[in-house]
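Right, one structure below, let's go through it.
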Amino acid sequence: MTAEQHYQAGNAARKEGKWHEAINHYIEAINLDPDSPAVEAKRMLDDILAYYCKDMYNP
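In case it helps, my numbering puts the sequence shown at residues -6 to 52.
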């Protein structure tokens, strides 16, 4: 697969809620092309998965 194909597969997996699969495709796209848009997509997905809101736990 090309970097673009991995990026598109990552987008499809993300839309289906398959976060781990999406990250794996983004990483592979980045390995093949460090300037791929997968860099930003992975960064956004990492931010979503790392999200933590203290206010939700301390009303």
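The beta-carbon is built from N, C-alpha and C at its ideal position, and this holds for glycine as well.
From a predicted model like this one, the values you see are computed outputs, not experimental measurements.
Requested in this report: On a CA-only basis, which of Pro27, Val32, Asp26 is nearest Ile16? Give me that one, please.
Outcome: Ile16 has its Cα closest to that of Val32, out of Pro27, Val32, Asp26.
Requested in this report: Give me the Cα-Cα distance between Leu38 and Gly3, rounded to the nearest whole angstrom.
Outcome: Going by C-alpha positions, Leu38 is about 10 Å away from Gly3.
Requested in this report: Could you check if Lys8 is buried or exposed, using at least 16 other CB atoms within 10 Å of its CB as the buried criterion?
Outcome: Classified as exposed, Lys8 has fewer than 16 neighbouring CB atoms from the shown chains inside 10 Å of its CB.
Query raised in the report: Excluding the five sequence neighbours on either side, which residues of its own chain have a C-beta within less than 7 Å of the C-beta of Glu14, listed in chain order?
Result: Hits under 7 Å: Ala6.
Query raised in the report: For the alpha helix (DSSP H) that Gly3 lies in, which residues bound it at each end?
Result: First-last of the alpha helix (DSSP H) with Gly3: -4 to 8.
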